Every structure is written in structure tokens, then in C-alpha cells.
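Following the working numbering, the numbering of the sequence shown begins with 1 at its first residue and continues without gaps.
A quick write-up on the structure given underneath.
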Amino acid sequence: MEVFIIIVILSIIIYAIFYNYLKKRIKNKNYRIIVGISLSCFIGIILYMVFVGAFIYALTTEKHREFERERWILVGEDINKRLSRFEMIDDLIDSKFLIKKDSLQVRQILGEPDWRDKENNKWTYEAGTGGGFGFVDHYLDIYYDADNKATKLEHRQIKD
């Protein structure tokens, strides 16, 4: 019902805007009213869909930021500021900056991992919460080979 009311209000506003334009172009009053209402309803529906689409896009897109070591470390020190770490993960993965670096080098760059999985030779860093509907927890998983060299980085997301 709310959608209908919003579209009607948009249509009335659009009709009021186009009224003078249509009055000059269409002399027949009945035809002008039919064209004006049809045009304003069509444009009102299109505008509503654009607004809703833009709103959903704004809610669901994740911010991306270039990786900065200082910011990663500083953000990691304060659990309340970790919300923005996830913004740098995609840049880390795309640049392949950590690939073929040993675990000591990775530790120097990213700091201590939050979890170490010795069975799978994997380190996990908490990257914060954000992006999308509800809460999305972000993690950076780094996989190592037998020589302790980073082979794969993965951006893991857990949606609530």
C-alpha cells in the first residue's frame, strides 16, 4: 500500500510539473488530461524504481580502499576500529602483494594473526563487520605451502 501511495504522490508532482508544458502542446482538454496522467504515472513508476534501486545499491555495496600497512595495524589494535579493515582486503588480494612471502614477512606486514590453523596451514585475520544488509563479518584467510610461503589469499564473508 505504501508503494502505491508513494507512486501516486510522485505522479501528482510530475503532473503538476508537466501541466503547463502539455497545456501549450495539446489543445484538447480531455486528451491532455489522459496523456498527462498516463505520462506522469509512467514517469512516477520509473522514478520510484530508480530511487529504490539506488537505495538498495547504497546499502549493499562495500567500500574499497588501497591497502595501507599503518592503517591495517592501527585499526587492528582497537577492536572498535576494525570495522574498516575489510575495505582493504580486496586490494591485498588483487595486488598479490603477499603471495610468495614467508610467514615472518606476512607477520611484519599485517601483524599477528587472530587465528592459526596448523592443520590447513592457514592464518586468519579479523577484518571487521560491514557492507550489505544486516551484519557481514569479514575475514582474511592466508594459506601457506610446506615452505611457509603464502600461496592463496581469500576474503571470507559470514552473513548473519
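For every residue, glycine included, the Cβ atom is placed at its ideal position computed from N, Cα and C.
What you are looking at is a predicted structure, and each value in this text was computed from that prediction instead of being measured.
Residue i in three-state terms, based on DSSP
i, result
"I142", "strand"
"D102", "strand"
"R65", "coil"
"K149", "strand"
"R71", "helix"
"D137", "strand"
"G128", "strand"
Separation of residue j from residue i, as counted between CA atoms
i, j, result
"Y48", "S38", "15 Å"
"L92", "R32", "59 Å"
"I45", "R25", "24 Å"
"V136", "I9", "35 Å"
"E2", "N28", "34 Å"
"Q105", "K159", "31 Å"
"K100", "T151", "6 Å"
"F4", "I43", "14 Å"
"Y57", "D147", "43 Å"
"G130", "H138", "8 Å"
"S40", "G53", "20 Å"
"N30", "Q157", "58 Å"
"L165", "F67", "Any property of residue 165 remains undetermined from this structure, which presents the chain solely from 1 to 160."
"K149", "N120", "13 Å"
Contact under 9 Å by Cβ, residue i with residue j
i, j, result
"R85", "E126", "yes"
"G36", "F51", "no"
"E87", "R65", "yes"
"H155", "D90", "yes"
"L153", "D141", "yes"
"L110", "R69", "yes"
"S95", "W123", "no"
Opening and closing residue of the beta strand (DSSP E) in which residue i lies
i, result
"E119", "Taken as a continuous stretch (DSSP letters only), E119 belongs to no beta strand (DSSP E), as it is neither H nor E."
Residue i, enclosing alpha helix (DSSP H) - first and last residue
i, result
"F86", "86-95"
"K23", "2-25"
Cβ-heavy atom distance, residue i to the ligand NAP, below 8 Å
i, result
"I45", "Among the ligands in the structure shown, none appear at all, so the ligand NAP cannot be discussed."
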